[in-house]
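Below is one structure, written out as structure tokens; the observations come after it.
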Amino acid sequence: MSAFFASSTASHGQIWDVDIYVRASREDGDKEQSETISNQITMLTDFVHGRPELRLHEIRKDDGISGVTFDRPGFHAVMDDVRSGAANCVVVKDYCAIIGLNQKDLVNQGILA
Numbered sequence: 066m067s068a069f070f071a072s073s074t075a076s077h078g079q080i081w082d083v084d085i086y087v088r089a090s091r092e093d094g095d096k097e098q099s100e101t102i103s104n105q106i107t108m109l110t111d112f113v114h115g116r117p118e119l120r121l122h123e124i125r126k127d128d129g130i131s132g133v134t135f136d137r138p139g140f141h142a143v144m145d146d147v148r149s150g151a152a153n154c155v156v157v158k159d160y161c162a163i164i165g166l167n168q169k170d171l172v173n174q175g176i177l178a
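Here the sequence shown is numbered in my numbering, starting from 66 and rising by one per residue.
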């Protein structure tokens, strides 16, 4: 899990307004959301709710959209929330949700064997 904060300086007792961002590039049959998306949402909301310094603002998602493109409505909504100050922390399961790398990309780059 990764958390990105809008400011590197946190004061004691500061509350962070969190956007959760989840993404999966494969659609799961005729289900409205893929199981991967559902699992990510559960894991990340549990993470946020288990930390008193984090306050959930919004869950943003892109289901069935490749991370290779930044033309993703959920990603744009997160960026709008950060720019407007509605969220000052973004929580993701892993960096690949944002930068669009998958396991094959990581193997090709020599990061995974």
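Note that beta-carbon positions come from the ideal geometry of N, C-alpha and C, so glycine has one too.
Check                                                                                                                      : Outcome
Please state whether DSSP places D136 in a helix, a strand or coil.                                                        : coil
Taking three-plus beta-carbon pairs below 8 Å as touching, is the region 133 to 153 in contact with the region 104 to 111? : no
Could you say which of P138, R116, K126, G129 lies nearest to D82 if we only look at CA atoms?                             : R116
Buried or exposed, going by whether 16 or more other CB atoms sit within 10 Å of the CB of R137?                           : buried
Looking at the structure shown, is D82 part of a helix, part of a strand, or coil, going by DSSP?                          : strand
Taking just the CA atoms, how far does I124 sit from C154?                                                                 : 12 Å
Can you tell which of H114, R88, F112, V113 has the C-alpha that lies nearest to the C-alpha of S103?                      : R88
Please identify the residue among I80, D84, F112, G78 whose C-alpha is closest to the C-alpha of D145.                     : D84
What is the residue span of the beta strand (DSSP E) that R125 lies within?                                                : 119 to 128
Between the beta-carbon of V143 and the beta-carbon of V113, is there less than 8 Å?                                       : no
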